[in-house]
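So the protein lines, in turn, are chains A and B.
Under this note's numbering, the residues of the first sequence are numbered 24 to 212, in order.
Under this note's numbering, the residues of the second sequence are numbered 24 to 212, in order.
Every residue, glycine too, gets a C-beta built ideally from N, C-alpha and C.
For clarity, every value in this text was computed on a predicted model and none was experimentally measured.
There are 2 protein chains.
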Amino acid sequence: MRGFKRVPLPEGTVERLIGIACLSPSVGLSEPWRFVLVDDATRRAGIRGCFGVCNKEALEMQDPDRAALYARLKLAGLDDAPVQISVFADRTTAQGAGLGRRTMPETLDYSVAIAIHTLWLAARAEGLGVGWVSILDPARMTQILDVPSEWVFIGHLCVGYPLKEDDTPALEREGWEHRHAPDGVVIRR
Amino acid sequence: MRGFKRVPLPEGTVERLIGIACLSPSVGLSEPWRFVLVDDATRRAGIRGCFGVCNKEALEMQDPDRAALYARLKLAGLDDAPVQISVFADRTTAQGAGLGRRTMPETLDYSVAIAIHTLWLAARAEGLGVGWVSILDPARMTQILDVPSEWVFIGHLCVGYPLKEDDTPALEREGWEHRHAPDGVVIRR
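Okay, structure coming up:
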């Protein structure tokens, strides 16, 4: 979702969505998610700038036959979404006492990705849209938001009322990529 | 979920759940999920052995005051679950033409974690339970399952009918860890 109405959300909406996200499962019940509500205009401008730089670099690396299409794609709703939430994983959390993550510490990050997905589904259920922006530099996000350097940046979310509803993924609608049948991704052992 | 009835799933169930998982969002519509249905007894025994080794090492690293409790926890349903699915992320996929993942290739792994969460929710909606086993060695899983070495191991799933229903997370029930209020994980910038 990248097209948002410039309409604020009803009071308490963001807190409710985050509360639901916090009911997600997590490795060892570590609940490693950290939600940063970004309202400050200067920080928002910094994130917008970071996206601009990263997206320009991505455009320059496109195959020539794809570059024009890439340049036409709208890849973030940073200018319009009323709510922006940056989400991090606290890799240093003591909660859960390390259970389930000794060989796979990255499961902390996966737990946070799943919490974002929960927030996303809860938002959709009340008619809101969520856009996950990943065309960003994680180290720069940590600086802009002044959060602990041990936190792993997972994603930056735009949340708001969608400009329009559509069941087809935007990248499919625009001719960038299409969904494939599940048969090709299942093997038996 | 770690306690499963030794009851097979109705024909077509696994394929339906994977089909729903494949409707998940993914970075750049890359659909990087790869599902490995593990039925072979030797491979299952290999995974059971891998879990045993990793869990023993984890037990040895527990604080003395936690070790007895850790040893009592049931941390996997590998002996009883009728269905086992290993899930990987194909970091080399050309699908999506790299969109959205140049600065954050790990978003491919997050997309797969979210697909697992979708499968999990779909399973719960029809009365099934899912256990995500992470006390495993990713490199060993790649060997045991003979899958491409470029695939990133995300998690091993046990799927089946739960021995009992319970809304309280098992680790909370057992006194290992408890849920915390969302207030502590939200900051404003």
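Residues in the same chain with beta-carbon distance under 7 angstroms from A/Val175, minus the five sequence neighbours each way, listed in chain order, please. Phe111, Ala112, Arg114, Asp132
Interface residues of chain A around B/Arg197 at Cβ under 9 angstroms? Strictly speaking, residue 197 of chain B in this sequence is Glu, with Arg absent from that position. Under the 9 angstroms cutoff, chain A gives no residues; its nearest Cβ is about 10 angstroms from B/Glu197.
Residue of B/Ser109, B/Asp63, B/Ala120 minimising C-alpha distance to A/Val208: B/Ser109
Under a three-way DSSP split, which group does A/Ile70 fall into? helix
How would you list, in chain order, the residues of chain A whose beta-carbon sits under 7 angstroms from the beta-carbon of B/Asp63? Arg212
Mind checking who A/Ala112 pairs with in its DSSP beta bridge? A/Trp56, A/Val175
Minimum length 3: unbroken beta strand (DSSP E) runs contained in the region 90 to 174 of chain A: 106 to 113, 152 to 156
Check the Cβ of A/Gln118 against every Cβ in chain B and list those closer than 8 angstroms, keeping chain order. Glu200, His203
Counting only C-beta atoms, is A/Phe74 closer than 8 angstroms to chain B at any point? no
Listing by chain order, which chain B residues have their CB less than 7 angstroms from the CB of A/His140? Ile137, His140
Can you pull out the residues from the region 78 to 91 of chain B whose beta carbon lies closer than 9 angstroms to at least one beta carbon of chain A? Glu80, Ala81, Met84, Gln85, Asp86, Arg89
State the start and end residues of the unbroken alpha helix (DSSP H) segment that holds B/Val37. 36 to 44
Between which two residues does the beta strand (DSSP E) containing A/Arg228 stretch? One cannot answer for residue 228 of chain A here, as it falls past the ends of chain A, which runs 24 to 212.
B/Arg25 versus B/Arg125: straight-line alpha-carbon distance, rounded: 37 angstroms
According to DSSP, A/Leu180 sits in a beta bridge with which residue or residues? A/Ile108, A/Trp155
Output the boundary residues of the alpha helix (DSSP H) element that contains A/Leu194. 193 to 196
Is B/Met164 close to chain A? Criterion is C-beta to C-beta, closer than 8 angstroms. no
A/Met127 beta carbon less than 8 angstroms from that of B/Ser172: no
Express the C-alpha separation of B/Leu46 and A/Glu195 in angstroms, rounding to a whole number. 13 angstroms
Would B/Arg125 pass as an interface residue toward chain A - the criterion being a Cβ-Cβ separation below 8 angstroms? yes
In angstroms, rounded to a whole number, what distance separates the CA positions of B/Gln118 and B/Pro48? 14 angstroms
At the 8 angstroms Cβ level, is A/Trp56 part of the contact set with chain B, yes or no? yes
Chain-ordered chain B contacts of A/Pro192 [CB-CB under 8 angstroms]: Pro48, Leu52
Reference A/Arg202, options A/Pro192, A/Gly100, A/Leu168, closest by Cα: A/Pro192
Where does A/Ala162 land, buried or exposed, given buried means 16+ other C-beta within 10 angstroms? exposed
Do the region 88 to 108 of chain B and the region 92 to 104 of chain A touch if we need at least three Cβ pairs shorter than 8 angstroms? no
A/Val37 beta carbon less than 8 angstroms from that of A/Gly183: no
Beta-carbon within less than 8 angstroms of B/Leu60's beta-carbon, same chain only, minus the 5 sequence neighbours each way: which residues are those? Val37, Val106, Gln107, Ile108
When we look at the beta-carbon of B/Arg57 and count the other beta-carbons within 10 Å, is it buried (16 or more) or exposed? buried
For B/Ala94, which of B/Lys79, B/Gly69, B/Ile41 has the nearest alpha-carbon? B/Lys79
Write down the C-beta distance between B/Ala145 and B/Leu40 rounded to the nearest angstrom, noting that I regard them as a contact closer than 8 angstroms. 5 angstroms
Between A/Leu101 and chain B, is the shortest Cβ-Cβ distance under 8 angstroms, so that the two count as touching? no
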